[in-house]
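Asks: Numbering (the working numbering), first residue to last: 35 to 448.
Even glycine gets a Cβ: it sits at the ideal position worked out from N, Cα and C.
After the structure tokens below, expect a handful of questions from me.
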Ligand code: HEM
């Protein structure tokens, strides 16, 4: 792992310290060419996002897309455009049902969790809320069931998991871990991920090939008839993996809200109200809380050829061919040139300013899905009196991956 990667992983774990450091550096420089090139200014981060052909998403030898070609790792090409358009179409035609699926899943998992919530009692929200919500939502929204064509529950020999929900969760966990780990991945993770990808792809292909797959994105892609079955399997797996970011984002968002009791109480009030207007207002809290701890403090880019950033400005910086550039959406959202009073929590900022979902050609395809699911997750959980009044919990990490978020239930309503 490069020193730059290591630094970025370590720093991401302490959001408050990282924010302070970024704000300090921004007073002097917005591009820092030390141990790689760190891009911290809003205009400069946007510039890198926009110049996607020179500053590429993937390293030339990137082998992390274990499920096969998927738009997330592709450069611009006719194949990329075709796939992105087809996926956008299949996702968008599920827009009407999104809120219902998300709401159902969140309420279901929150109800299961409610039995465990007591003032002062500890619970791991990753294992008990976030993972089940993300897995069940993926299964229902994409139309990938936990059973095979004969109704037999799918298991995983490799991960030694019981059949059903756990298996889908396990595949997504291992394949997600490989994407964020360095190259080569440590502790045999590479082999485990290869085998998980094989199992997962076989299941996706089997579902895509069914005469009547369950309703969802996979079935709609089949009806559209533009992508080959193997492309459908790789793409739906890729979408489900990309969507796992929702889980990490939810925990970071919640943590930042719980650190601010006034904001937490207002957000919990909106959750209890639960009208469409209040849900939309709550989304403002979600996006703003994520500004203080976004899921991607840094995103990597590689210079396809030698180039210059911020040409003609004080920040002008040369980047050599094949060199890595780390851009920081987090720093960009703390930049006082664009975010007025960046240290203040303001849930009513213009939403277009946020860079959680990137910008430019590779802008997130699922921003509206993520916003919808995050809102429903927040509504169902913050309504619970012991969570709506809780103190912040404690994160544990395995490498760059969050492995638990334990918090103690608050006192609840007085
Ligand atoms: C809070 C949750 C999410 C966040 C913060 C997020 C953020 C991002 C970011 C920053 C990028 C650009 C990456 C880069 O340029 O380096 C991206 C790309 C992408 N995201 Fe998301 N995402 C989230 C959820 C989702 C979901 C639910 C989906 C499912 C549809 C999704 C699908 C994608 C896809 C397909 C791309 C690649 C687009 C392309 O390369 O053209 N994301 N996302």
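Using 8 Å as the threshold, is the region 135-143 in touch with the region 403-414, meaning 3 or more CB pairs across them?
Replies: They touch, by the three-pair rule.
Asks: Using the Cβ count rule (16 or more neighbours within 10 Å means buried), how would you classify residue 378?
Replies: By the 10 Å Cβ count, residue 378 comes out exposed.
Asks: Excluding five sequence neighbours on each side, which residues of the same chain lie with their C-beta closer than 8 Å to the C-beta of residue 417?
Replies: So the qualifying residues of the chain are 144, 302, 305, 306, 308.
Asks: Going by the CB atoms, is the gap between residue 178 and residue 248 shorter than 9 Å?
Replies: Closer than 9 Å, so yes.
Asks: Closer than 7 Å by C-beta to residue 310: which residues in its own chain qualify, once you throw out the five before and the five after it? Chain order, please.
Replies: Nothing listed; no residue qualifies.
Asks: Have a look at residue 456 and residue 426 and give me their C-alpha separation to the nearest angstrom.
Replies: The displayed coordinates of the chain run from 35 to 448. Any statement about residue 456 would go beyond what the structure contains.
Asks: How many whole angstroms separate the CB atoms of residue 80 and residue 335, which I take to be in contact at a CB cut-off of 8 Å?
Replies: Actually they do not touch by this definition, with Cβ atoms about 13 Å apart.
Asks: Between the region 263-276 and the region 98-112, do three or more beta carbon pairs fall short of 8 Å?
Replies: Because the criterion of three Cβ pairs below 8 Å is met, the region 263-276 and the region 98-112 touch.
Asks: Ends of the alpha helix (DSSP H) at residue 317?
Replies: Start and end: 310-326.
Asks: If you draw a straight line from the C-alpha of residue 437 to the C-alpha of residue 429, how long is it?
Replies: Approximately 8 Å between the Cα atoms of the pair.
Asks: Could you tell me which whole beta strand (DSSP E) segments of length 3 or greater appear in the region 49-81?
Replies: For the region 49-81, whole beta strand (DSSP E) runs of length 3 or above, ordered along the chain, are 71-73.
Asks: Can you tell me whether residue 242 is buried or exposed? The criterion is at least 16 other CB atoms within 10 Å of its CB, across all chains shown.
Replies: So residue 242 counts as buried.
Asks: If we ignore side chains and look at the alpha-carbon of each, how far apart do residue 222 and residue 49 end up?
Replies: Cα to Cα, the separation comes out at about 30 Å.
Asks: Residue 113: buried (16+ other C-beta within 10 angstroms of its C-beta) or exposed?
Replies: Counting Cβ neighbours within 10 Å, residue 113 comes out exposed, since fewer than 16 surround it.
Asks: In three-state terms, what does DSSP make of residue 401?
Replies: Helix.
Asks: Beta carbon of residue 252: closer than 8 Å to some heavy atom of the ligand HEM?
Replies: No, Cβ of residue 252 sits at least 8 Å from all heavy atoms of the ligand HEM.
Asks: Within 10 Å of its beta-carbon, does residue 83 have 16 or more other beta-carbons around it, so buried, or fewer, so exposed?
Replies: The residue in question, residue 83, is buried, as its Cβ has 16 or more Cβ neighbours within 10 Å.
Asks: In chain order, what residues of the same chain lie with their CB nearer than 8 Å to the CB of residue 173, ignoring the 5 residues before and after it?
Replies: 179, 180, 199, 202.
Asks: Give me every residue whose Cβ sits closer than 5 Å to any heavy atom of the ligand HEM, in chain order.
Replies: That query returns the following residues: 105, 106, 273, 276, 277, 279, 280, 283, 329, 333, 390, 391, 392, 396, 398, 399, 400, 403, 404.
Asks: Evaluate the contact criterion for the region 116-128 versus the region 251-262: three or more CB pairs, one atom per stretch, below 8 Å.
Replies: The answer is yes - the region 251-262 touches the region 116-128, with three or more Cβ pairs under 8 Å.
Asks: Can you find at least 3 beta carbon pairs, one from the region 374-389 and one from the region 63-74, that sit closer than 8 Å?
Replies: Counting Cβ pairs under 8 Å, fewer than three are found: no touch.
Asks: Name the one or two DSSP bridge partners that residue 156 has.
Replies: According to DSSP, residue 156 bridges with 442.
Asks: Comparing C-alpha positions only, which one of 343, 337, 387 sits nearest to residue 355?
Replies: The residue with the shortest Cα to Cα distance from residue 355 is 337.
Asks: Hey, could you find the ends of the beta strand (DSSP E) residue 358 is sitting in?
Replies: First-last of the beta strand (DSSP E) with residue 358: 358-361.
Asks: Please classify residue 319 as buried or exposed, where buried requires at least 16 neighbouring CB atoms within 10 angstroms.
Replies: Looking at its Cβ environment, which holds 16 or more other Cβ atoms inside 10 Å, residue 319 is buried.
Asks: Residue ranges of each beta strand (DSSP E) run of no fewer than 3 residues wholly in the region 210-265, ordered along the chain?
Replies: Counting only runs of 3 or more, we get nothing.
Asks: Would residue 432 be called buried (16 or more neighbouring beta carbons within 10 Å of its own) or exposed?
Replies: By the neighbour-count rule (16 or more Cβ atoms within 10 Å), residue 432 is not buried but exposed.
Asks: Give the single residue among 446, 115, 119 whose Cα lies nearest to the Cα of residue 299.
Replies: Ranking 446, 115, 119 by Cα distance to residue 299 puts 446 first.
Asks: Compute the beta-carbon to beta-carbon distance between residue 281 and residue 165, rounded to the nearest angstrom, for a pair I have assumed lies under 8 Å.
Replies: So it is a contact: roughly 7 Å between Cβ atoms.
Asks: Using alpha carbons as the reference points, say which of 392, 149, 396 lies closest to residue 77.
Replies: For residue 77, the nearest C-alpha among the options comes from 392.
Asks: Would you mind giving the Cβ-Cβ distance between residue 458 and residue 285, rounded to the nearest angstrom? I have them listed as a contact below 8 Å.
Replies: What the structure shows of the chain is the stretch from 35 to 448, and residue 458 is not part of that stretch, so it cannot be assessed.
Asks: Determine the DSSP secondary structure at residue 187, reduced to helix, strand or coil.
Replies: DSSP places residue 187 in strand when its eight states are reduced to three.
Asks: Pick helix, strand or coil for residue 299, following the three-state DSSP scheme.
Replies: Helix.
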